[in-house]
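So the sequence shown is numbered by this note's numbering: it starts at 42 and just counts up by one. Structure, as C-alpha cells:
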Amino acid sequence: MTFTNEFLFGGAIAANQCEGAYNEDGKGLSIQDLMPNGVRGPLTQQPEPYNLKLVGNDFYHRYKEDIQLLAGMNARVLRFSIAWSRIYPTGEEDQPNEKGLEFYNNVINELVTKGITPMVTLSHYETPLYLARKYDGWRSRELIDLFAKFAKTCFEHFGDRVKYWLTFNEINVTLLSPLLSAGVLTDKSQISMAERYQIAHHQLVASAKVTRIAHEYDSTLKVGCMVAASAKYPMTCNPDDVIEALHQQQELDYFVHVHCKGEYPYFSKRLYAEHGVQLDITEEDQAILKHTVDFISFSYYNSKTVAKDESQYQTSAGNILRGLRNPYVNYSEYDYPIDPQGLYYVLHYYYKQYELPLFVAENGMGHHDQVEYDDQGNPVINDDYRIDFTREHLKQVDRALKDGVDVFGYASWGIIDLVSAASAEIDKRYGFVYVDRQSDGSGTLNRYKKKSYDWYKKVIETNGAYL
Ligand code: BG6
42 MTFTNEFLFG GAIAANQCEG AYNEDGKGLS IQDLMPNGVR GPLTQQPEPY NLKLVGNDFY
102 HRYKEDIQLL AGMNARVLRF SIAWSRIYPT GEEDQPNEKG LEFYNNVINE LVTKGITPMV
162 TLSHYETPLY LARKYDGWRS RELIDLFAKF AKTCFEHFGD RVKYWLTFNE INVTLLSPLL
222 SAGVLTDKSQ ISMAERYQIA HHQLVASAKV TRIAHEYDST LKVGCMVAAS AKYPMTCNPD
282 DVIEALHQQQ ELDYFVHVHC KGEYPYFSKR LYAEHGVQLD ITEEDQAILK HTVDFISFSY
342 YNSKTVAKDE SQYQTSAGNI LRGLRNPYVN YSEYDYPIDP QGLYYVLHYY YKQYELPLFV
402 AENGMGHHDQ VEYDDQGNPV INDDYRIDFT REHLKQVDRA LKDGVDVFGY ASWGIIDLVS
462 AASAEIDKRY GFVYVDRQSD GSGTLNRYKK KSYDWYKKVI ETNGAYL
C-alpha cells in the first residue's frame, strides 16, 4: 500500500484559533476569549490586540477565500472544529443559534462544492465560558448531556455532508491542563491527579455517548478519538528508564484504549493506585463506554525522551509534551525535537494494538517566517524548513503504509496561519498560506501563498510521488 487517490491529504484548524468574530451573530464567549496568554494564564478579559483570538485569522469572514486556497492546493480534507458557543451560546439553551448553524452550513457547503472532505472536531479547547463558570467545566457530570445535545444538533444539521467526526481534541491533555482541555477554572494547583482522572472520565463518557448518538443517527458516520501522541523513548537501556517510558506511554494509552475497547485498560489499576483515584463510575457509564470509535486520530509533533531520574539530563522545549534532550534528533527554531521516525513508530504502535484505521489529525512545526519581496513587489516566503519537515514526516507515513498500516489521511496543522494554542501568538506559524497578521495585532489579514503551498500541491497531485 502507498498513497492513493483516496488518501486524505489536507490540513487542520480550530475555531477558536482562526475564526475570530468572537461575539458576532449570537456567539457566546468561550474560555479562549479570556485566554490572551494561551495556557500560560492568567484568565482575563482583554480586548484586541491583547487577545489575538478575538480576531484570529478572520476565517469567519474569509472562509470562502481560504477554502478556495485549499482547493488550489488540491487539499482533500479540512479538519476544523465547530465552536460549541456559536451553536449554544451558554451551552444551556433549548434551541440552537440559527446564525451559528448557518455559518457552519456555509463552510461545509463550500468545502463539499470544492471537493474537500470535511472532518469536524466537536470540542477543540473551547468550552463555553458560561459552563466553565457555572460548573467549573468538565468537573461536573452535567456537561455530559449538554455536550451530547450539542453533538446531536451537529449530526442532525451537518451529518448528511460530514462523514468524519472527532469528539475531543487531544483528550489526554485534560490530565496536564484541566483549564485548556476541560474548561476547569479552578487553578490547576488545586486539582489533584485523582480529580483530573475523574474529569477525564466525564469526557470519556461524553465521547462514547456522542459516538452512540452519531451511529444511531446514521450508521455510516465515522467517529474517531483524538489524542496528543508522541513516541516515548527511554533515555538509556537502564531498565528503570525503559519502565518509565512504558508507564508514561500507558498514561496516554489509557485514553485510546477506552475509546477502542469500551472499557478501561488493565493498567488503570496501577495508574489509580499511584494517583489515589477512586473513580466514580456508574453502571450506566460502563454501558455507555461500550460505544467504541471507528478510527483513531492523533496529533504528532515530536517524540518524548524520558528517564526515571531526569535530574541528570537536559530537558528540551515543547508545547505540552516536554521531554529530555535527545542527542539523536534535530531541533526546531523553538527548540522542539524534530523526529519524523517517531511518527512511523506511533502509527505502528496503534495499528498493532487496535487494527483500526488511523488518521494523522495534526503534524507541523511552528516557525517565524521571513517575508521577502520579488521584483514585482509581491511577498515571497521561502519556508524550505517547513517543506523539509513535512516531507520527512510524510515519508514516514508512506513507509508505514507500505508496511501495511491502515492510515487514511494526514492533516497539516494550521495550514493557514492561525493563533497558537499554547502561547496565543501568531508569529509562530505553521501554515502553507501566510496570513499578514503579527503578534502585536498589526497587519492586513491578507493571505499569501508560501513556497510550501506549491510544494504541497504537487505532493498531493502526484499522490506523494513528488515527495
Ligand atoms: C495541538 C493543538 O496541541 O498543538 C492545537 O491541538 C495547537 O490547537 C497545536 O495549535 C500547536 O500548538 P501551538 O501552541 O504551537 O499552537
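All residues carry an ideal CB built from backbone N, CA and C; glycine is no exception. Since the model is a prediction, treat every value here as computed from it, not as a measurement.
Could you have a look at serine 373 and say whether DSSP puts it in helix, strand or coil? Note: serine 373 maps to coil in three-state DSSP.
With H, G and I counted as helix, E and B as strand and the rest as coil, what does DSSP make of histidine 389? When secondary structure is reduced to three states using DSSP, histidine 389 falls in the helix class.
When DSSP labels each residue in this structure, what does arginine 478 get in the three-state scheme? Looking at arginine 478 - three-state DSSP - the assignment turns out to be coil, as it is neither helix nor strand.
Taking 8 Å as the threshold, find out whether the stretch 226 to 239 comes into contact with the stretch 276 to 292 through three or more Cβ pairs. The stretch 226 to 239 is not in contact with the stretch 276 to 292.
Glutamate 413 versus proline 420: straight-line alpha-carbon distance, rounded: Roughly 6 Å separates the two Cα atoms.
Judging by CA-CA distance, which residue of Gln353, Tyr295 and Asn504 is the nearest neighbour of tyrosine 307? Ranking the options by Cα distance to tyrosine 307, first place goes to Tyr295.
Helix, strand or coil at isoleucine 157 [DSSP, three-state]: Shown here, isoleucine 157 sits in coil according to DSSP, grouped into three states, outside any helix or strand.
Which of the three DSSP states, helix, strand or coil, is assigned to methionine 267? Correct three-state label for methionine 267: strand.
Rounded to whole angstroms, what is the Cα-Cα separation between glutamate 139 and lysine 302? Straight across, the Cα-Cα distance linking glutamate 139 with lysine 302 is about 37 Å.
In this structure, how does DSSP classify threonine 431 when only helix, strand and coil are distinguished? It is helical.
By Cβ distance, which residues of its chain are closer than 6 Å to arginine 478, with the 5 residues on each side in sequence left out? Only Ile467, Gly484 and Leu486 meet the Cβ criterion.
Based on DSSP bridge pairs, tell me the residues matched to leucine 399. According to DSSP, which records beta bridges pairwise, leucine 399 is partnered with Ile337 and Val448.
Once DSSP output is grouped into helix, strand and coil, what is the label at threonine 168? Coil.
Checking 8 Å against the spacing of the C-beta atoms, do threonine 261 and lysine 193 come in under that value? With contacts defined by Cβ atoms closer than 8 Å, threonine 261 and lysine 193 do not form a contacting pair.
May I ask you to check if the CB of serine 271 is nearer than 7 Å to at least one heavy atom of the ligand BG6? Because no heavy atom of the ligand BG6 lies under 7 Å away, the Cβ of serine 271 does not count as near it: no.
Taking DSSP as the reference, what is the three-state secondary structure of arginine 127? In this structure, arginine 127 counts as helix in the three-state DSSP scheme.
For tyrosine 526, I'd like the list of residues in its chain whose CB is within less than 6 Å of its CB, leaving aside the five on either flank, ordered along the chain. In the structure as shown, the chain begins at 42 and stops at 508. Residue 526 is therefore absent and cannot be evaluated.
Could you tell me which residues DSSP pairs with serine 71 in its beta bridges? Note: serine 71 sits in a beta bridge opposite Pro169.
Opposite tyrosine 7 in the DSSP bridges: which residues? Since the first residue of the chain shown is 42 and the last is 508, residue 7 is not available in this structure.
First and last residue of the uninterrupted beta strand (DSSP E) at valine 118: Its beta strand (DSSP E) spans residues 118 to 122.
So, is glutamine 86 buried or exposed, given that buried needs 16 or more other C-beta atoms within 10 angstroms? Exposed is the call here.
Other residues of its chain near glycine 141: CB distance less than 6 Å, five sequence neighbours each side excluded: The residues are Arg127 and Ile128.
Just list the residues that DSSP pairs histidine 408 with in beta bridges. Arg470, per the DSSP bridge assignment.
Below 6 Å CB to CB, which residues in the same chain sit around histidine 165 once its five sequence neighbours on both sides are set aside? Excluding residues up to 5 positions away in sequence, Ala55, Ser122 and Asn210 lie with their Cβ nearer than 6 Å to the Cβ of histidine 165 in the same chain.
Tell me the residue span of the alpha helix (DSSP H) that contains leucine 111. Run containing leucine 111: 100 to 113, per the alpha helix (DSSP H) assignment.
Glutamine 509 to tyrosine 369 span [Cα, whole Å]: Nothing can be reported for residue 509: it is not among the residues displayed for the chain, which extend from 42 to 508.
Can asparagine 360 be considered in contact with the ligand BG6, in the sense that its beta carbon sits closer than 7 Å to one or more heavy atoms? Indeed, a heavy atom of the ligand BG6 lies less than 7 Å from the Cβ.
Please state whether DSSP places alanine 53 in a helix, a strand or coil. Three-state DSSP puts alanine 53 in a strand.
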